[in-house]
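Residue numbers for the sequence shown follow UniProt numbering, so the first one is 1 and each next one is one higher.
For each residue, glycine too, the CB sits at the ideal point set by N, CA and C.
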Amino acid sequence: MSTLSSTETMSEQCPFDDGVYDCVKKVIIGEDSQGVAYITIQYVRNGDVVQLEHGSERGTQITETEFKVKDPDEYITCIEGTWGEAKRYDSDIHMWNQTLSRTVTELQFKTSHGRTSQKFGKPGADSIEFKLEGNNGTKLVGLLGSSGRFLDEIEANFDVVSSALKQLEPQGGSDGHSWDDGAYDGLRKVCIGEDGGRVSSVEFVYAKGDQRITHCHGMDSNERKEFELEYEDGEYIISVEGTTDDDGFVSSLIFNTSMDRSSEEFGKAVANNEFFLKPIGFHKLVGFRGRSCVDRINALGANFAVVVVPPVKKLQAQGTNSGEEWDDGIHDNVRMITVTYGHESVIAVTFEYANGTETVVGDARGDFDEIGDRKEFKLFDNSEYITSVEGFFGEKLLTSETVDEFESIFYKMKRLDFITNITTYSVLENDPSDGYVDVVPFKLEEKDHKIVGFHGKSTELSLKQIGVYVKPIDDA
């Protein structure tokens with residue numbers, strides 16, 4: 001997660017830190033003739049709406065305007081604005097006591113769906129521009145800064161959208177506005193604009209239930225071509241081939257589908273500048289992400305989801321419902337398991353997979369920076385495989401020793417056993433005297449199947465849930 005700052009304030013005001021939430025639902029801006037007076041922001045955490053305000057100035061001179069994040073898949077990716085001197089009055093009564101203060105004077109918000117809010121406020125003559133933006137389409141999850149009567153300083157926390165998807169970084173140049181269309185049921189159609197041997201625009205028509213949702217990036221061109229998928233017959237994009245020109249702009253694109261079809265080549269290919277969007281373990285493209293400017297596509301990436309096709313099965317994750325969902329996808333076999341543990345609970349896990357001759361290392365699930373004990377279990381090539389995962393989770397009792405520990409009263413994963421066709425790899429023991437209550441045992445297993453991938457939930461502090469993908473051993 002990244003924290004970005006607009007500037008340093010010259011006035012002494014009260015600092016604030018909203019913390020981190022799931023997403024932002026709405027921002028409300030109060031503005032007067034001198035600029036931004038205050039900001040009210042509505043966050044969502046676990047389905048609950050939390051509203052926070054920064055800047056106390058109110059009155060008839062204030063105009064209030066709101067900007068809503070419309071769709072559940074839409075989120076704020078960028079905040080632009082200015083900061084500088086504003087002429088303020090001490091009160092409505094003593095208007096002659098005019099003072100100069102340095103505050104945020106203008107704000108504008110951009111979203112993952114390519115929408116841009118109006119400009120709130122008014123920049124002064126000496127205002128300094130700033131831009132708060134995460135890397136490659138990350139979403140706004142919290143504000144911090146300082147305020148008193150007015151909003152004096154603003155910073156932002158950005159975080160990844162969802163680790164249940166495989167997000168491939170945009171390929172191409174580093175300039176342009178970052179965007180992320182999110183994730184949908186599938187893709188119905190792509191429309192590509194061409195101009196001078198480059199891709200000047202992209203338009204994607206997504207499916208979400210019975211809805212058709214369209215996202216456009218770049219500038220419309222007279223040279224516009226389409227590729228329509230047989231969505232109703234289950235067709236989806238499995239990979240994208242492309243090239244970039246010497247300036248870093250996307251110059252050509254080809255889309256490959258699950259029905260062994262390929263689109264025509266859009267744009268003009270450039271030799272030795274190829275890129276390929278196809279993750280290992282994830283099969284279905286469910287959304288695009290990238291960077292673009294007014295008349296060019298600077299870079300293109302994609303969000304991929306797992307498609308569970310028989311004989312592969314997905315077994316439900318076991319544990320608690322808190323945390324962020326994650327998914328490693330489906331592979332040929334598990335090659336290595338790394339577990340960090342401490343305080344009688346599992347802190348983090350990482351899995352390494354085999355796909356043919358390739359090795360794929362999954363992301364850390366939990367807090368691998370936490371100081372604790374670590375175990376590594378390396379399987380014997382493809383001759384050894386995991387047949388089941390067993391464990392316990394429970395609620396840790398609050399004691400004088402743990403009273404200051406964050407999350408000490410929440411459910412934790414207290415033991416994990418990975419059983420293979422050769423041996424058992426264990427992490428922690430089920431000790432009845434370790435201060436846990438409501439201990440729940442679980443077992444993830446399908447007869448005559450082996451585990452070929454993991455999914456679950458985790459927080460920045462610990463592993464919360466673990467589930468598996470399995471396929472028949474004879475099918476390996």
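Bridge partners of PRO170 according to DSSP: none are assigned.
With contacts defined by Cβ atoms closer than 8 Å, LYS414 and PHE393 form a contacting pair. For the pair THR103 and LEU151, the CB atoms are nearer than the 8 Å cut-off. Linking GLU232 to LEU187 through their CA atoms gives a straight-line distance of about 10 Å.
Shown here, TYR385 sits in coil according to DSSP, grouped into three states, outside any helix or strand. DSSP places LEU463 inside the beta strand (DSSP E), whose first and last residues are 463 to 472. DSSP, reduced to helix, strand and coil, places GLU232 within a helical segment of the structure shown. DSSP places ASN355 in the uninterrupted beta strand (DSSP E) bounded by 345 to 355. In this structure, LYS268 sits away from GLU226, with a CB-CB distance that is not shorter than 8 Å.
In summary, GLU230 is exposed, with fewer than 16 beta-carbon neighbours lying within 10 Å of its beta-carbon over all protein chains present. Annotation: THR77 to THR423 spans about 47 Å, alpha carbon to alpha carbon. If you check the CB distance, GLY148 and GLU155 do not come in under 8 Å. For the pair GLY19 and ARG374, the Cα-to-Cα distance works out to about 30 Å.
The shortest CA-to-CA distance from HIS455 to any of LEU165, PRO123 and CYS293 is the one to LEU165. Under the three-state reduction of DSSP output, ALA269 falls in the coil class, being neither helix nor strand.
Straight-line spacing of the CA atoms in VAL307 and ASN272 works out to 32 Å. It is roughly 15 Å from the alpha-carbon of TYR184 to the alpha-carbon of GLU203. Here DSSP, grouped into helix, strand and coil, assigns GLY142 to strand. For ASP328 and GLN34, the gap between their C-alpha atoms comes out near 51 Å. Straight through space, the alpha carbons of HIS177 and LEU132 are spaced by roughly 12 Å.
A buried status is given to ILE192, since no fewer than 16 other beta-carbon atoms sit within 10 Å of its beta-carbon. With fewer than 16 other Cβ atoms inside 10 Å of its own Cβ, ASP17 counts as exposed. In the DSSP assignment, ASN298 falls within the unbroken beta strand (DSSP E) covering 297 to 305. Collapsing the DSSP output to three states places SER147 in a strand.
Non-local C-beta neighbours of ASP295 in its own chain, meaning closer than 6 Å and more than five positions away in sequence, comprise SER200 and MET219, ordered along the chain. Setting aside the 5 residues that flank it on each side, ASP245 is surrounded in the same chain by SER251 and VAL270, each with a C-beta closer than 6 Å to its C-beta; the list follows chain order. Of all C-beta pairs linking the segment 108 to 127 to the segment 35 to 45, three or more are shorter than 8 Å, placing the two stretches in contact. Between LEU315 and LEU444, the C-beta gap is smaller than 8 Å, which places the two residues in contact.
The DSSP-derived three-state label of LYS70 is coil. In the same chain as PRO441, and ignoring 5 residues on each side of it, the C-beta atoms closer than 7 Å to its own belong to PHE392, in chain order. In the three-state reduction of the DSSP assignment, THR320 falls in the coil class. Rounded to the nearest angstrom, the gap between the Cα atoms of ILE280 and ILE79 is 34 Å.
Contact check for ARG291 against ASN298 passes: the beta carbons are separated by less than 8 Å. The C-alpha of GLN465 is placed about 24 Å away from the C-alpha of ASN421.
Per DSSP, ILE422 lies in no beta strand (DSSP E) segment and is marked neither H nor E. Within the same chain, ASP245, SER251, GLY267 and LYS268 come within 8 Å of GLY197 by CB-CB distance, once the 5 residues on both sides are set aside.
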